[in-house]
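Take a look at the structure below.
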Amino acid sequence: MEYNHKEIEQRWQQYWKDNETYKTEVEPGRKKFYVLDMFPYPSGAGLHVGHPLGYIASDIYSRYKRQQGFNVLHPMGYDAYGLPAEQYAIQTGQHPEITTNANIARYREQLDKIGFSFDWSREVRTCDPEYYRWTQWAFMQMFNHWYDRAEGKARPIAELVEHFSKYGTEGVNAATGKDMEFTADEWNAMDERRQREVLMNYRIAYQGETMVNWCPQLGTVLANDEVSEGVSVRGGFPVEQKLMTQWCLRVSAYAQRLLDGLDDVQWSESLKETQRNWIGRSEGAEMRFGVADSDIELEIFTTRADTIFGVTFMVLAPESAYVPMLTAPEQKEAVEAYLNEVKHKTERERQIDRKVSGVFTGSYAINPLTGKKIPIWISDYVLAGYGTGAIMAVPAHDSRDYAFARHFNLPVIPLIEGADVSEESFDAKEGRMINSCGPDLDLNGLEVKEAIARTKRHIEEKGLGKVKVNYRLRDAIFSRQRYWGEPFPVYYKDGVAYLMDESVLPLRLPEVDSYLPTSTGEPPLGRAKGWVTPEGYPIELCTMPGFAGSSAYYLRYMDPRNDKALVGKEADEYWRNVDLYVGGAEHATGHLIYSRFWNKFLYDLGYVVEAEPFAKLVNQGMIQGRSNFVYRIKDTNTFVTYGKRKEYDTTPIRVDINLVNNDILDTEAFRRWRPEYADAEFVLDADGKYRCGYAVEKMSKSMFNVVNPDDIVERYGADTLRLYEMFLGPIEQSKPWDTNGIDGVHRFLRKLWNLFERAEKNDTEMSREEKKSVHKLIKKVTADIENFSFNTSVAAFMIAVNELSALKSVSRESVELLTRVLAPFAPHIAEEFWHRLGHEGTVVDAQWPEWNEDYLKEDIKKYPVSFNGKTRYTIEAPADAPREEVERIALADANAAKWLDGKTPRKVIVVPGKIVNIVL
RNA sequence: GCAGAAAUGGUGGAAUGGUAGACACGAAGGACUUAAAAUCCUUUGGCCUUUACCGGCUGUGUGGGUUCGAGUCCCACUUUCUGUACCA
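Residue 44 in the working numbering is what sits at position 58 of the first sequence, and the numbering runs on without skipping anything.
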């Protein structure tokens, strides 16, 4: 019989479906393993061959773990809220839900063809009310909690209210937007509206007026991770800074815990580093500078307290609250002109145009250590959002301050011995201090590190400021002025936000007649009829951002149909957290931060048992497209083969890769492709073939380089696709898709099929050679799966099948073992073999075999080598042989080979399990 | 600028500090065929030697170092990719 992948794959996919082979339940007493893929956003373009790469890897791992006896949770779902569906709805008027459902159906069809072991009974969709009620529920919990720094966890807001009514702010150490101080009497005297305003400053989900990334084209605000290089990640539209009142999540309260938690997870070093940078912890000091002829004190943050004697001016961010206070009357006009200029620059312009600019306020600060007067300037190189929005400038030892000082001709005082600051600043934190002696403090002669510590101590003792840790991580902006997202269970009374009762959950997304903002500029929900509470109070018009729904989906998979809780106690205590998470590294500063935050918050409240959601994480690389080019001679319809293109004046043109095979163009198909190429002429290579050029680019329709997995499955089968994607290279590496090599993998499966047919009925015992080949394979594949090195395991299968095929006789037992280890990689063909071997049930539960080291022992190999003019005799030692024994054998062997020639060896090097060298 | 990763044949890529280039693609030659496809066999880093067998030299971005032994470890440099950036 021939290997018929279509028939086999259809049959077993149906069998798995009929028998609910992949359905998983909580089984107390059985060890669990949770394997998760980052769920996809179902785009209209469907899946291309790059998407399943990570799913295949995680599927192999899941099946392997299941064969080892683990109860494996391996779910899949859809991140269904997102901008593209809404943009499409705006253009077509079609409800995004319709588009989204159609896309999901298409994704499901494509995924099913690849033979994944997903438990689809646990599917979640972020846009499903039964799912998003728990997203809304989590928001309500965040609204009703505050972060207690003293206890290092979230606590109910009711406890804070009680504390305020008894003691005021005394003894409260909370993560807040701005520090507040009031007594119990003052609190009790406040009206409800005022009290709620105060509490807003403490809530973990709060409304705050902040500088936000506003994208006019998308009509919405964006989180920091949704903006890159001044444009929106989705769509690439310009983004500007705008002061707006928005819902925010107090992620910054968890900065230190998010940082510390990274030590407890097995993630790649680069990903952890990206998160550490994003959190951006910096230790320094917050210091107050007095202002001349004024009571105002200017607070600044610095990591270089040691450079205080070199401060020659101060700089405020243009948005700083100090600006109006410190602008002297005679400078008013100049300052306003400057502020105006800065305001009209978008973030992108600010980044591109890095000209030094600024204006003098007319005020002077007093250096607290020297008593000297120093001018206060305003410049946009100081950011309002970091630290206090004001800095002390040390031009000699900070390149930005240096550029500013040179431009405005301000003094530069070098503070480090030997530092030449005539051309540029000396930024390194090393060297000995000079010029650093004041009335109370002498730093001269100290190393920079000592000087920093010394100065910090000094300013704390003298009450000039305090030691402070700053984080770059900002609170997440949580509202979007869009339609296609989770509505907030929030209404407004007297302009103050109140939570709706939990009984309204899920608060369903209402219908609207159009997905555009209203004529008054309100978000699309402003068009929804009856979008008010029963009492007639208006409901929040913004919706939640994309990351809301994806922040806790891994928890919901554990208990997806529970209508009492996000996840029930029993399910959570059994499944705990994700043992293996597979997905792209592009989520490092978005999803992977937000869901860790979300999880830690729920952990504080006692709803989840693990502090870190993803114990181990593997980043799969991106699969890029491989575009092909033809070369047209300018102003003609003649195309030149790649090798001869330089002999003419040609323009490269992308050609559909379906017309190309191994870079050879099907010229007839090319003529039929587009009417304008119908009478195309070709300049060919000597062998009469037209060779195309190629380039590695993003896989996209417009580049004609998209490869659809359905086509591959149709032609070669799912097992071939799975093996080939793994064979392409290391899973973490980005690489171009190249269909050219797929024949090799398909050939392997056919050889395997033939081998099986030959061995199926052979009841003889395994020969020594068979044992060696098969056990070598088991050992290799087991180690490779643990290391996520799937490309080398595919190679190992090929070697084993080649070795076995070359033998005169192959026993049934050999192919039985082969089937067990092949099952995670090529489940369809393995299932076929499994049943033909007479097994009941499914190969998914076939026990993972152990290998026997005894079968792998090699004969001692010997080979003489010469090196560096000295001759050496080398033999390979068996792995388990004792050192003396190996040395004795080696010497005897060398002697027998007449190699020693009666001489005494100068040196004998024995490395157990390695190689023995005898040096003369 | 900073951080991380990487650099091996025509290509994708293998190699716990121990025979570099596994496995596969491509290419070349051959078998089968009227022919093509498919399949099978042989060769395939470079240079040299030999009728052939056998052999030799060289070779993992560059320059040093550690080691009996380095693609692998250390130092410096070059290039590429990824992330991030007036973060004080």
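Virtual Cβ for every residue (Gly too), placed ideally from N, Cα, C.
query: Out of curiosity, what's the CA-to-CA distance linking Ser852 and Pro813?; result: With a pLDDT of 33 at Ser852, under the threshold of 50, the predicted position of this residue should be treated as unreliable, and no value is reported.
query: Alpha carbon to alpha carbon, what distance is there between Leu823 and Glu751?; result: 16 Å
query: Helix, strand or coil, according to DSSP, for Thr78 in the structure here?; result: helix
query: Would Val553 and Arg542 qualify as a contact pair, given that the criterion is a beta-carbon distance under 8 Å?; result: yes
query: In chain order, what residues of the same chain have a beta carbon less than 6 Å from the beta carbon of Leu302, not counting five sequence neighbours either side?; result: Tyr308, Val309, Ile364, Ala376
query: To which residues does DSSP link Ile650 through a beta bridge?; result: Asn647, Arg677
query: Among Leu69, Tyr372, Leu355, Thr347, which has the Cα closest to the Cα of Pro361?; result: Thr347
query: Find the nearest neighbour of Tyr628 within the set Ala681, Gln606, Phe583, Ile579, judged by alpha-carbon distance.; result: Ala681
query: Quick one: what's got a C-beta closer than 6 Å to Tyr841's C-beta in the same chain, skipping five residues either side?; result: Lys757, Lys758, His761
query: Just to confirm the assignment, what range does the alpha helix (DSSP H) spanning Met128 have?; result: 115 to 129
query: What is the residue span of the alpha helix (DSSP H) that Thr260 lies within?; result: 255 to 265
query: Is DSSP giving Gln610 helix, strand or coil here?; result: strand
query: Using C-beta distances below 7 Å, list every residue in its chain close to Lys139, excluding the 5 sequence neighbours before and after it, in chain order.; result: Asp590
query: Looking at the secondary structure, which residues open and close the alpha helix (DSSP H) in which Arg744 lies?; result: 728 to 745
query: Please confirm if the region 426 to 442 is in contact with the region 248 to 268, defined as three or more CB-CB distances below 8 Å between the two stretches.; result: no
query: Just verifying my parser: in three-state terms, what is the DSSP assignment at Lys856?; result: Bear in mind that a pLDDT of 40 at Lys856, under 50, signals an unreliable position, so the model cannot answer this.
query: Do you know offhand how far Leu495's Cα is from Leu39's?; result: 34 Å
query: Considering only their Cβ atoms, is the gap separating Ser238 from Tyr457 smaller than 8 Å?; result: yes
query: Who pairs with Ser268 in a beta bridge, going by DSSP?; result: Asn456
query: Tell me the DSSP bridge mates of Leu302?; result: Ile364, Ala376
query: CA-CA distance, Pro61 and Val482?; result: 41 Å
query: For the region 400 to 411 against the region 315 to 333, are there 3 or more C-beta pairs whose distance is under 8 Å?; result: no
query: Using only the alpha-carbon positions, how far apart do Thr828 and Asp105 sit?; result: 15 Å
query: Between Asp279 and Met419, is the Cβ-Cβ spacing less than 8 Å?; result: no
query: Can Leu709 and Val731 be called in contact, C-beta distance under 8 Å?; result: yes
query: Hey, quick one: how far does the alpha helix (DSSP H) through Thr768 stretch, first residue to last?; result: 754 to 772
query: If you count every other CB in all the chains shown that lies within 10 Å of the CB of Ala191, and 16 or more means buried, which is it?; result: buried
query: If you measure between the beta carbons of Ile463 and Val158, is that distance less than 8 Å?; result: no
query: Under 8 Å: do the region 99 to 117 and the region 54 to 68 share three or more Cβ pairs, one atom per stretch?; result: yes
query: Spell out the partners DSSP gives Tyr133 in its beta bridges.; result: Ala140
query: Give the range of the beta strand (DSSP E) segment to which Ser349 is assigned.; result: 345 to 352
query: For Asn199, count the other beta carbons within 10 Å of its own beta carbon; 16 or more makes it buried, fewer makes it exposed. Which is it?; result: buried
query: Would you kindly check if the distance between the Cβ of Phe615 and the Cβ of Tyr679 is under 8 Å?; result: According to the sequence provided, residue 679 is Gly. The question's Tyr does not apply to it. Taking 8 Å as the Cβ cut-off, Gly679 and Phe615 qualify as a contacting pair.
query: Are Asp545 and Ala534 closer than 8 Å when you measure CB to CB?; result: no
query: Start and end of the beta strand (DSSP E) containing Gly55?; result: Counting along the chain, Gly55 falls outside any beta strand (DSSP E), and DSSP gives it neither H nor E.
query: Go to Gln719, then tell me how far its alpha helix (DSSP H) extends in each direction, as first and last residue.; result: No alpha helix (DSSP H) contains Gln719, which DSSP labels as neither H nor E.
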